[in-house]
Structure formats: C-alpha cells, structure tokens
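Chemist: The numbers in our numbering rise by one with no breaks, and the one at position 80 of the sequence shown is 288.
Beta carbons are placed, not taken as given, at the ideal position from N, Cα and C, and that holds for glycine.
Can you read through this structure? Questions will come right after.
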Amino acid sequence: MIPLLAWRNLWRNRRRTFITVASILFAIVFANTMDALLVGINKQMTDSMVGIYSGHLQIQQQDFWEDKSLHNTFIPSEKATRFLDAMPEVKGYTNRLESVALASAENLTKGVLVVGIEPEKEKRITGLEEKIQAGSYFHGNPGDAIIGKGLAEYLDILPGDTLVMLGEGYHGASAAGKYHICGTIRMGSPDLDNN
209 MIPLLAWRNL
219 WRNRRRTFIT
229 VASILFAIVF
239 ANTMDALLVG
249 INKQMTDSMV
259 GIYSGHLQIQ
269 QQDFWEDKSL
279 HNTFIPSEKA
289 TRFLDAMPEV
299 KGYTNRLESV
309 ALASAENLTK
319 GVLVVGIEPE
329 KEKRITGLEE
339 KIQAGSYFHG
349 NPGDAIIGKG
359 LAEYLDILPG
369 DTLVMLGEGY
379 HGASAAGKYH
389 ICGTIRMGSP
399 DLDNN
C-alpha cells in the first residue's frame, strides 16, 4: 500500500519530481566526473615522477633518509647487480648520486639539486636524451653538465657556457668545480627544471 501511495505522490507534482531527479542525476554525474578527473591527474603525476625521476624502487643505505649526506651513499655490490640483472620484472636500473650545491654563473647564484648519473643507463630508463631542449646529451666528457631549462634562464647561461658549483665533498670538505654546460633539459616538473 505504501509503495503505491509513494508512486502516485511522485506523479501528482511532476515538476517537483523532475527537478529532484535532475538535481540528483547532476550531482552523481558531477561527482563521478570530478573523481575520474582527480584519479587521472594523480595517476599522471605519479607516472610522470616515476618515469622521469625516481623509478618504482630505490635501494639506499639504511641511514640515508635520516641523514641525506654523501656518507650514507654506497656502491651496489656485485651480488646485488647480478640479482637485479637476473630479475625479468626489472626493465632497467641505474646508479645515481644526489647532493645539493650552489650553482653560479657571472654574478648570479642559486641553490640546486645535483644528480650524478650513468648517462648510457639513464638514457634507456628515463629517456633523458629526448628531453634535451638546447645543446646535446653527454658525450663522455667528465666535466659536462646538463641543467634544467629554468635554471639556465635564471642564471642566463646557454650550452657552451661554464657553470661553477660549490658544495659538500666527502668527509664534509668543501668541493668546487667548473662544468661545461653541454645542454639544457625540460623534465616537465618545475622542481626538476629549476635544477
């Protein structure tokens, strides 16, 4: 009896019924659209960072997260390298060394993240060579550096110019060096492009 009464009540005032149904339908469609958009944005950001920088897995010295210094870095053992090579799920891996430094050109200075890479392995894993905006990829010269497009614009330098960096060396000693800029890169992340 009650369902029949409710059904008749819905059609007694058709305008109110259509407004209510349309409001609920709009809210459901809007909520689903926003949820799909946020899931897509989150997936794209995750894939972007995993693909261009961190990878799906990092192997680090035990104390590295507490104290990110050069003292807490390591060179992978031959056993670890063989283990990674034998895993069919591992598409590739590379060694990286990260530090911070002051980058200087002419009279401008900026604090930057410095990442030491293995150019050939990095090329296969992150496609770094394809992201070069100006200049070229590494040619095997130890003093070459590739910098982010944002940093190049801030310091007003181009490929072929020299960049001076001052940072921490091993055992806390100061380390300084002059580097030949062979290229500028656009990684797609402002944090990485400004370093």
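What is the rounded straight-line gap between the Cα of Gln268 and the Cα of Ala381?
Modeler: Stepping through the sequence shown from its first residue, residue 268 is reached at position 60. Stepping through the sequence shown from its first residue, residue 381 is reached at position 173. Approximately 23 Å between the Cα atoms of the pair.
Chemist: Tell me which same chain residues have a C-beta within less than 6 Å of the C-beta of Lys331, skipping the five on either side of it?
Modeler: By 1-based counting over the sequence shown, the position of residue 331 is 123. Contacts found: Glu337.
Chemist: What did DSSP end up calling Ala381 once you bin it into helix, strand or coil?
Modeler: Indexing the sequence shown from 1 puts residue 381 at position 173. Looking at Ala381 - three-state DSSP - the assignment turns out to be coil, as it is neither helix nor strand.
Chemist: Below 8 Å, how does it come out for the region 346-362 and the region 378-398: are there three or more Cβ pairs, yes or no?
Modeler: yes
Chemist: Taking the straight line between their C-alpha atoms, what separation do you get for Met373 and Glu314?
Modeler: As a working mapping, residue 373 is identified with position 165 in the sequence shown. As a working mapping, residue 314 is identified with position 106 in the sequence shown. Looking at the two C-alpha atoms, the distance is approximately 12 Å.
Chemist: Of the residues Pro327, Thr302, Ala309, which one's Cα is nearest the Cα of Leu321?
Modeler: Along the sequence shown, read from residue 1 onward, the residue named residue 321 stands at position 113. Comparing alpha carbon positions, the residue from Pro327, Thr302, Ala309 closest to Leu321 is Ala309.
Chemist: If I follow the unbroken beta strand (DSSP E) through Gln341, where does it start and stop?
Modeler: On the sequence shown, residue 341 is found 133 positions in, with the first residue counted as 1. For Gln341, the enclosing beta strand (DSSP E) covers residues 340-343.
Chemist: Does the beta-carbon of Tyr301 have 16 or more other beta-carbons within 10 angstroms, so that it is buried, or is it exposed?
Modeler: Residue 301 sits at position 93 when you count from the first residue of the sequence shown. Result: buried.
Chemist: Mapping DSSP to helix, strand and coil, what is Val229?
Modeler: Stepping through the sequence shown from its first residue, residue 229 is reached at position 21. DSSP places Val229 in the helix class (H, G or I) of the three-state scheme.
Chemist: Quick check on DSSP: helix, strand or coil for Tyr362?
Modeler: Working through the sequence shown from its first residue, we reach residue 362 at position 154. Here Tyr362 sits in helix by DSSP.
Chemist: With distances taken between CB atoms, is the gap from Gly396 to Ser256 smaller than 8 Å?
Modeler: As a first step, residue 396 must be located in the sequence shown, where it is residue number 188. As a first step, residue 256 must be located in the sequence shown, where it is residue number 48. Closer than 8 Å, so yes.
Chemist: What are the residues that DSSP puts in a beta bridge with Ala313?
Modeler: If you number the sequence shown from 1, residue 313 lands on position 105. Ala313 is bridged to Leu316.
Chemist: How far does the alpha helix (DSSP H) with Leu218 in it reach, from first residue to last?
Modeler: Within the sequence shown, the letter at position 10 stands for residue 218. Here the alpha helix (DSSP H) through Leu218 covers 210-220.
Chemist: Going by CA-CA distance only, name the one from Gly377, Tyr387, Ala383 that's closest to Ile365.
Modeler: For the purposes of this step, residue 365 is taken as residue 157 along the sequence shown, with counting starting at 1. Out of Gly377, Tyr387, Ala383, Tyr387 has the C-alpha closest to the C-alpha of Ile365.
Chemist: Just how far apart, CA to CA, sit Asp243 and Pro398?
Modeler: Here residue 243 corresponds to residue number 35 of the sequence shown, with the count starting at 1. Here residue 398 corresponds to residue number 190 of the sequence shown, with the count starting at 1. If you take the alpha carbons of Asp243 and Pro398, they lie about 25 Å apart.
Chemist: Just reading off the alpha helix (DSSP H) that Ile333 is part of, what are its end residues?
Modeler: In the sequence shown, counting from the first residue as 1, residue 333 sits at position 125. Taken as a continuous stretch (DSSP letters only), the alpha helix (DSSP H) holding Ile333 covers 327-334.
Chemist: With Asp168 as the anchor, note down where its alpha helix (DSSP H) starts and where it stops.
Modeler: The chain is shown only over 209 to 403; residue 168 falls outside these bounds and no answer can be derived.
Chemist: Between the alpha carbons of Asp271 and His379, how many angstroms are there, rounded?
Modeler: The sequence position of residue 271 within the sequence shown is 63, counting from 1. The sequence position of residue 379 within the sequence shown is 171, counting from 1. One C-alpha to the other measures close to 16 Å.
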